[in-house]
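Asks: Quick one: the structure is below, questions incoming.
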Amino acid sequence: MPHPSRNDLQWAVCFVIMVAIPQRISFPLNDEGMGFDDSDDEDEVPDELKQDFIDELTGEGPQRGGFSKKRTMETLYSRGPTLCNTTIKVLRLYGKYMQMISVLKPIAFDVVLCMSELFDYYLFSIYSFFASDVSDGSALGVNSKLWTTLKRISDNITQQAKANQEMNPNTMLAPGSTGFPCVSPSVLLSGIDHLHGLAERIVGTESLVFLAQQLELLQPHLEAVIPSAKKPFLQQFYSQTVSVARELRGPVYRGVASRAINLERILQMMMTVRWDIKDIMSQHSMYVDHMLQIFVEFNTRLEGVSRRVPIPADAYMIIWEHVIKLANRVMVEGFATAKNCSNEGRALMQLDFQQFLLKLESITQLRPIPDKDFVEAYMKAFYLNEVDLENWVKEHKEYSARQLMGLVNCAVGNRRTRHRILNVIEEFEKGRPR
1 MPHPSRNDLQ
11 WAVCFVIMVA
21 IPQRISFPLN
31 DEGMGFDDSD
41 DEDEVPDELK
51 QDFIDELTGE
61 GPQRGGFSKK
71 RTMETLYSRG
81 PTLCNTTIKV
91 LRLYGKYMQM
101 ISVLKPIAFD
111 VVLCMSELFD
121 YYLFSIYSFF
131 ASDVSDGSAL
141 GVNSKLWTTL
151 KRISDNITQQ
161 AKANQEMNPN
171 TMLAPGSTGF
181 PCVSPSVLLS
191 GIDHLHGLAE
201 RIVGTESLVF
211 LAQQLELLQP
221 HLEAVIPSAK
231 KPFLQQFYSQ
241 TVSVARELRG
251 PVYRGVASRA
261 INLERILQMM
271 MTVRWDIKDI
281 MSQHSMYVDH
291 MLQIFVEFNT
301 RLEGVSRRVP
311 IPADAYMIIW
321 EHVIKLANRV
331 MVEGFATAKN
341 CSNEGRALMQ
351 LDFQQFLLKL
361 ESITQLRPIP
371 DKDFVEAYMK
381 AFYLNEVDLE
391 NWVKEHKEYS
401 ARQLMGLVNC
411 AVGNRRTRHR
421 ILNVIEEFEK
431 GRPR
């Protein structure tokens, strides 16, 4: 067998043009437990594996019929991995690479290097397809470690593309080289009816996470076949790239939630509420019902997506946590617009929020409702005396300057004290990272 160069193996990256067709398949390990079945012959695949998906526990195909709310989170969202065809192909390639390593041990590190480059490209492809269009960096959870990894991969692709252009100025892409990934035009990632391609984003993202999990299982085998001097590279690859794959769930799913929920109308309605009332109200404000209706419609669309692709529990939690977080921010922002606020008005704020939480529990399966402390702490701050409020403002920098100023303007009657606290807010706002 000829000695494979890195470019000989890099041809595999061309498969990472996502075709989000979910497959529910279990992969048999070979006799040594080191790789996946390397058969590419479709005739050898049982008919039941050619269905859209199969249940790994029962072996049964999908049940026809409508969505049932009686199905539990465990059965609905945790029935095994949802994989795209690309992932299956990459796993087969990894199985062949492991066989190559066992036969040609002198080139083991070259093969491992190519495996790492293939995973790098897969990770960057999933980000490019499903997160770059909806994320704005740290706001949606792209932490520094993940961002550093993505930038490194992007820089490597850019450098290689530039070098290839200099060597082959008359060709778009030289053989064996790698260009930036492009999603297939047939994959639709916009439109509120399908939650901006949530089904496709789930398949792509969960496929990446599953691929990372399989690489983690291979780590001891790879460490055993490469030279000791090369092991730091492998450890770095696992710590900086493989381990961050699951963190891509955050920006992908939070980005969808941000685009699917528009609460601007709710904020406008809150600005018209009178918070300086003199009577204790027994009925919550109208904006609460409108916000809950938005959530009901969102949940209906989420159920529609689950008919196409089962939504993993992690994805479900990330989406709903972010949607609720957005609602809580809007609610605090609305409270902050109050010009005057009486004790009865503060009681109305609490009534509105309690009604929101009560009805929300019938819409989502999350328990307890996340992030509610953000709103409750803000409402309680209205009752603090001036000295305690000044200390509270200094300690709670999770709120925006506008939210803190709105609180101070309503809660502090003494003009001099109010002016002093507002100056404190302005000072630490200047030191806030941009």
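So the sequence shown is numbered by my numbering: it starts at 1 and just counts up by one.
Every residue, glycine too, gets a C-beta built ideally from N, C-alpha and C.
Bear in mind the structure is a predicted one, so any value in this text is a computation, not a measurement.
#1: List the endpoints of the continuous alpha helix (DSSP H) containing Met271.
#2: Which whole-angstrom value is the C-beta distance of Val256 and Ile319, which I expect to be below 8 Å?
#3: CB-CB under 8 Å to Glu216, same chain, minus the five flanking residues each way: which ones, in chain order?
#4: Between the C-alpha atoms of Ile226 and Asp193, what's the straight-line distance to the nearest angstrom?
#5: Could you say which of Arg254, Leu384, Asn328, Asp120 lies nearest to Met317 if we only look at CA atoms?
#6: Which residue from Phe119, Phe356, Leu195 puts its Cα closest to that of Asn299?
#7: Going along the chain, which residues of its own chain have a beta-carbon closer than 8 Å to the beta-carbon of Ser342, five neighbours each way excluded?
#8: In the DSSP assignment, find the unbroken alpha helix (DSSP H) run with Met317 in it and report its ends.
#9: Asp371 to Phe109, Cα distance in whole Å?
#10: So, under 8 Å CB-CB, Leu384 and Ile421 are touching, yes? Tell me the CB distance rounded to an integer number of Å.
#11: In angstroms with no decimal places, state the Cα-to-Cα distance between Asp31 and Ser207.
#12: Apart from the five residues just before and just after Ala377, which ones in its own chain have a Cβ nearer than 8 Å to its Cβ?
#13: Taking just the CA atoms, how far does Arg259 sit from Gly95?
#14: For Asn409, name the three-state secondary structure that DSSP assigns.
#15: Tell me which same chain residues have a C-beta within less than 8 Å of the C-beta of Ala347, skipping the five on either side of it?
#16: Between the Cα of Met115 and those of Gly250, Leu234, Ile363, spot the shortest distance and give me the residue it belongs to.
#17: Suppose the cutoff is 7 Å on Cβ atoms and the five residues either side in sequence are ignored; what does the same chain contact list for Leu267 look like?
#18: Would you mind working out which of Lys359, Arg307, Glu264 sits nearest His284, comparing C-alpha positions?
#19: Do Phe356 and Val412 come within 8 Å of each other at the CB atom, strictly closer than that value?
#20: Which first and last residues belong to the alpha helix (DSSP H) in which Val111 is found?
#21: Would Ile126 and Gly197 qualify as a contact pair, given that the criterion is a beta-carbon distance under 8 Å?
#22: Enumerate in chain order the residues of its own chain whose CB-to-CB distance from Thr87 is below 6 Å, with the five nearest sequence positions on each side excluded.
#23: May I have the straight-line CA-CA distance separating Asn423 from Gly345, to the nearest angstrom?
#24: Nearest to Thr417 by alpha carbon, out of Ser400, Phe428, Val393?
#25: Give every residue of the same chain whose Cβ lies closer than 8 Å to the Cβ of Leu189, excluding the five residues on either side of it in the sequence, and list them in chain order.
Replies: In brief:
#1: Unbroken run through Met271: none, as it is neither H nor E.
#2: 7 Å
#3: Result list for Glu216: Tyr238, Val242, in chain order.
#4: 50 Å
#5: Arg254
#6: Leu195
#7: Trp275, Asp276, Ile277, Lys278
#8: 313-336 is the extent of the alpha helix (DSSP H) around Met317.
#9: Approximately 47 Å between the Cα atoms of the pair.
#10: Actually they do not touch by this definition, with Cβ atoms about 11 Å apart.
#11: Any answer about Asp31 is weak, because its pLDDT of 35 lies below 50 and its placement is not dependable; what the coordinates show is given next. Their Cα atoms are separated by approximately 25 Å.
#12: His396
#13: 39 Å
#14: helix
#15: Ile280, Met281
#16: Leu234
#17: Val330, Glu333, Gly334
#18: It is Lys359.
#19: no
#20: 108-130
#21: Result no, Cβ atoms of Ile126 and Gly197 do not sit closer than 8 Å.
#22: Within the same chain, Thr87 has close Cβ partners Ser207, Leu211.
#23: 26 Å
#24: Val393
#25: Phe129, Phe130, Asp133, Val183, His196, Gly197, Glu200, Arg201
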